[in-house]
Every structure is written in structure tokens, then in C-alpha cells.
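See structure below.
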Amino acid sequence: GAGVSQSPRYKVAKRGQDVALRCDPISGHVSLFWYQQALGQGPEFLTYFQNEAQLDKSGLPSDRFFAERPEGSVSTLKIQRTQQEDSAVYLCASSRGPIQGAGGYTFGSGTRLTVV
Amino acid sequence: DQQVKQNSPSLSVQEGRISILNCDYTNSMFDYFLWYKKYPAEGPTFLISISSIKDKNEDGRFTVFLNKSAKHLSLHIVPSQPGDSAVYFCAALRLQGGSEKLVFGKGTKLTVNP
Chain A
540 GAGVSQSPRY KVAKRGQDVA LRCDPISGHV SLFWYQQALG QGPEFLTYFQ NEAQLDKSGL
600 PSDRFFAERP EGSVSTLKIQ RTQQEDSAVY LCASSRGPIQ GAGGYTFGSG TRLTVV
Chain B
8 DQQVKQNSPS LSVQEGRISI LNCDYTNSMF DYFLWYKKYP AEGPTFLISI SSIKDKNEDG
68 RFTVFLNKSA KHLSLHIVPS QPGDSAVYFC AALRLQGGSE KLVFGKGTKL TVNP
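Chain order of the listed sequences is A and B.
Counting from 540, one number per residue, gives the positions in the first sequence under the working numbering.
Counting from 8, one number per residue, gives the positions in the second sequence under the working numbering.
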């Protein structure tokens, strides 16, 4: 596709509910990233994939957060037993390959998750 | 511990004048610094970057300056246009151990008045 596509755009979840957020990267992009942006803050790194391999998950805030990219293209970020502090915009980004350095990252529009 | 800081939450300038957005960082191990522009309900869009071994990079109306000794960078927009009104994020990129992480500041909201 022309850009990084994320779905759903908005998600309201009741506390304790499980949610799944989807990211479709740009076709052929090897690297994929998830970021979490809380209100009034900058995006914060969650995890990084190179093809289907999850090379860095150091930013995942707890074991309730899980990300996968089984075929090296579409990725899903799953949050189990959602809590109010999980409310944020979840951004996905992709790039052609590792170490694109400056400018190689294209972000999607994000999924706004609200936990009530 | 915030590694990238944008101390001005907002900035207002007149159309045609210069906009200067500032950013400070604490980690001298960053490899690149990037500026992103963000409109409401959209993802961040890449603007311009600079390698940690450079001190200036220019692209059209946008110039980024890096002062490594002060751990400070700035984005200059000349001349400013109303369409530049957006939130600007400074980000630092660390390439380490096979991973790539962008560390963002909190953003500065720029308003360019006609």
C-alpha cells in the first residue's frame, strides 16, 4: 500500500477486556515498530520487528502487552486485561530495512485506545 | 528520566518570519536526530534529520543545527507559512545491538499567524 495502515482508528474497551490492534506496513518494508503516545507526551518505543523476528521488546510496559508479525508483513499488538493507564494512541511505523538511519520511518495514523 | 527535552510547549510566529524550535538531549550516544511534524489525528511525518557527526543540514525552508558540546539542536523554518502550524517533535535515534529506537521529546506546538 501507499502508506502504513492501522485499524481500528478508534477503540473503546472496558477495563479488563482484551484488545487487538492491527498494522499493515508499506509493502516490502522489512522493519516494523510500535510506539505508544499518551496524551500530551511524545511517542514511546514499544517493540521492533525485522521481518517476523521480534528483535527488541524492551519497551513493552508489562506482560499484558504482546506483539507478533508471523509472516513478516502485518503485525498485531495485543493488550490483555486492559487498564485505564493503557489509554493512548498506538502508532505503527515501518521502514525498508534495518538501519535506515535518518528519515526512513513512515508512521501510520495510529489507533486511539480508550479504556473505560 | 527524559533523554530528549523540548522545553517550549508552544510557539507563535508571524507568517514570513523565522520559527526556531529547540531541543536538548542528555545521551551522547545517539546516532541521528530527526524532526517530525504532526497534524491532529495523523501520524508523525518526517521533516529533516542530521547525523551526530554533522553540525548542520538544510532542506529548502528547513535547517537543523546540532551543537554536540551543548547537547542541543534546533530547527529553523524560514520563511514560516500558515501551513507549518502543527506539533513538532524532536527525536533521537540510537542504533544498538541490532535494534533501532527513536526517543521523542514531548513536542512543541507551532502556530504561524497570517
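Glycine included, every Cβ here is placed at the ideal spot set by N, Cα and C.
- Around the C-beta of leucine 578/A, fewer than 16 other C-beta atoms lie within 10 Å, and the residue is accordingly described as exposed.
- Proximity to cysteine 97/B across Gly105/B, Gly114/B, Asp66/B peaks at Gly114/B, based on C-alpha coordinates.
- At a Cβ-Cβ threshold of 8 Å, phenylalanine 646/A and glycine 50/B count as neighbours.
- Taking C-alpha positions only, lysine 45/B is separated from aspartate 563/A by approximately 20 Å.
- Classified as buried, glycine 649/A has 16 or more neighbouring CB atoms from the shown chains inside 10 Å of its CB.
- A Cβ of chain A is located within less than 8 Å of the beta carbon of glutamate 107/B.
- The beta-carbon separation of histidine 568/A and serine 614/A, rounded to 11 Å, does not stay under the 8 Å limit for a contact.
- Glutamine 593/A is bridged by DSSP to Phe588/A.
- Excluding the 5 residues flanking it on each side, leucine 41/B has same chain C-beta neighbours closer than 6 Å at Ser56, Ala98, in chain order.
- Only Gly542, Val543, Gln545, Arg548 from the stretch 540-563 of chain A bring a Cβ to less than 9 Å from some Cβ of chain B.
- Taking all protein chains shown into account, lysine 108/B has 16 or more neighbouring C-beta atoms within 10 Å of its C-beta and is therefore buried.
- Straight-line measurement puts the Cα of asparagine 29/B at about 17 Å from the Cα of proline 86/B.
- Three or more beta-carbon pairs separated by less than 8 Å are not found between the stretch 598-614 of chain A and the stretch 543-550 of chain A, which leaves the two stretches without contact.
- Listed in chain order, the beta strand (DSSP E) elements of length 3 or more contained wholly in the stretch 71-95 of chain B are 79-84.
- Counted as a single uninterrupted DSSP element, the beta strand (DSSP E) harbouring lysine 108/B occupies residues 106-111.
- The contact set of lysine 113/B on chain A, defined by CB atoms closer than 8 Å, consists of Gly579, Gln580, Gly581 in chain order.
- The Cβ of glutamate 65/B sits no closer than 8 Å to any Cβ of chain A.
- For glutamate 624/A, same chain residues with a beta-carbon under 6 Å away, outside a window of 5 residues either side, do not exist.
- Using a CB distance cut-off of 8 Å, serine 633/A does not count as an interface residue toward chain B.
- DSSP places glutamine 623/A within a helical segment (H, G or I) once states are collapsed to three.
- Between aspartate 38/B and isoleucine 60/B, the alpha-carbon positions lie close to 8 Å from each other.
- In the three-state DSSP reduction, lysine 116/B falls in the strand class (E or B).
- In the three-state DSSP reduction, arginine 651/A falls in the strand class (E or B).
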